[in-house]
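Q: Residue numbering for the sequence shown follows our numbering, beginning at 16 and increasing consecutively. Backbone N, C-alpha and C fix where the C-beta goes; we use that ideal spot for every residue, glycine too. Note that this is a predicted model, so its numbers are computed, not measured.
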Amino acid sequence: MSDQGPEPPHASQAEMPFALVRGEPLTELPSDLYIPPDALEVILEAFEGPLDLLLYLIRRQNLDILDIPIVDITRQYMDYIALMNDLRLELAAEYLAMASVLAEIKSRMLLPRPSVDDEEADPRAELARRLQEYERYRQAAEELDGLPRVDRD
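1. Taking the alpha carbon of residue 85 as the reference point, which residue from 67, 43 and 59 has its own alpha carbon closest?
2. Go to residue 52, then tell me how far its beta strand (DSSP E) extends in each direction, as first and last residue.
3. Counting beta carbon pairs with one atom in the segment 107-115 and one in the segment 90-97, are three or more of them shorter than 8 Å?
4. Taking the C-alpha atoms as reference points, what is the distance between residue 140 and residue 80?
5. Would you mind working out which of 77, 147, 148 and 124 sits nearest residue 137, comparing C-alpha positions?
6. May I ask you to report which of helix, strand or coil DSSP gives residue 163?
7. Compute the distance between the beta-carbons of residue 50 and residue 67, then report whether it is under 8 Å.
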């Protein structure tokens, strides 16, 4: 033991990143993104952090959906479900919906595209629409959670 008191934390401990994007630490959360405290954390080659942030970065086109292995997200999601058990089933269901959207979009991007005459929308636009809808519901849930509770705590 040292007589000089506790040792100061290392610089890396003081500013722990909450995500890694292509190996680069991300220490600031985007101001327009809410991540629940018990959010699903995914560990992939191109990204390590909350699934909410991964979807945010894909929507903003900071990450390419083709670089994201959906099978790894699915495996990690199944582990998350087992861990969450019945505690937060509604949150687990939200993540299942997000993972299915990612799988659908990636499959559309990988499959051959129909002829130019077919005016099907870009699957990324559909992801953006679904994510905006998800965000509205999540913000509403956050606001409801902040309301006073009677006989619930």
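A: This is what the structure gives:
1. Taking only the C-alpha atoms, the option nearest residue 85 is 59.
2. Per DSSP, residue 52 belongs to no beta strand (DSSP E) and is neither H nor E.
3. Yes, the segment 90-97 touches the segment 107-115.
4. Going by the C-alpha atoms only, they are around 13 Å apart.
5. That would be 124, whose Cα lies nearest to the Cα of residue 137.
6. Here residue 163 sits in coil by DSSP.
7. Between residue 50 and residue 67, the C-beta spacing is below 8 Å.
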